[in-house]
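Asks: Starting off with a structure, shown below.
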Amino acid sequence: MRDERMGGESEVRGEPFRILFVCTGNTCRSPMAEAIARAALRDRGWDHVTVESAGVAAFPGAPISGGAVRAAARHGIELDHHRSSPLTEARVEDSNLILTMSPSHLQVLVDLGAEGRSAVLPVFARGETKIRPGDGVQDPIGGDDALYEATFRELRELIESALNRLAPMLSPER
331 MRDERMGGES EVRGEPFRIL FVCTGNTCRS PMAEAIARAA LRDRGWDHVT
381 VESAGVAAFP GAPISGGAVR AAARHGIELD HHRSSPLTEA RVEDSNLILT
431 MSPSHLQVLV DLGAEGRSAV LPVFARGETK IRPGDGVQDP IGGDDALYEA
481 TFRELRELIE SALNRLAPML SPER
């Protein structure tokens, strides 16, 4: 999980550290994760870290799901302008850290050469490398608002843990 790209090398060149969240369609989990992370980064004053999202099977320009919009809005985050974006080799290459919502998404990234700088979000948040059965963030697509809310809360907790892990490397106070 460690290489020069994730080790802060981009900062030496004056470039931002880039985090990419990946799910299937880029209409639920990864856009919520992107928005949650963006707010958390702003709160931490980490303006040298950027965050984006993409989907391994995203239809370009598809709108975000209504459930994701409503869940985010309940937490003061606006998502209704998000449009889905497919995962591309260029986006993978430009990212320092790629966090996926499931092991199957991780396999796509490994196949694209991102091994060493990609992980399943819950595994990374725990500070581990071994994927356990059931690791991943449940896809709320087609579910009710309660499921979207649960997914939002899970993502917020996982992202806080992930950012805490990255703090020794990325915190401006380091």
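Under the numbering used here, residues 331 to 504 are what the sequence shown spells out, in order. Every residue gets a Cβ at the ideal spot worked out from N, C-alpha and C, and that includes glycine.
Across the region 374-392 and the region 402-411, are there enough close Cβ pairs to call them in contact, namely three or more that are closer than 8 Å?
Replies: No, they do not touch.
Asks: Return the chain-ordered list of same chain residues with a C-beta closer than 6 Å to the C-beta of alanine 367, the five sequence neighbours on each side being excluded.
Replies: Excluding positions up to five away in sequence, the list reads Val381, Ile489.
Asks: Can you say whether arginine 426 is buried or exposed, counting buried as having 16 or more other CB atoms within 10 angstroms of its CB?
Replies: Looking at the sequence itself, residue 426 is asparagine, so the reference to arginine does not match. Asparagine 426 should be labelled buried.
Asks: So, are the CB atoms of cysteine 358 and histidine 435 less than 8 Å apart?
Replies: Going by C-beta atoms, cysteine 358 is not nearer than 8 Å to histidine 435.
Asks: Going by DSSP, name the residue or residues bridged to proline 416.
Replies: Bridge partners of proline 416: Gly385.
Asks: Between the C-alpha atoms of aspartate 333 and serine 414, what's the straight-line distance to the nearest angstrom?
Replies: Low local confidence applies: a pLDDT of 38 at aspartate 333 is under 50, so the model's placement there is unreliable, with the coordinate-based value given in what follows. Cα to Cα, aspartate 333 sits roughly 29 Å from serine 414.
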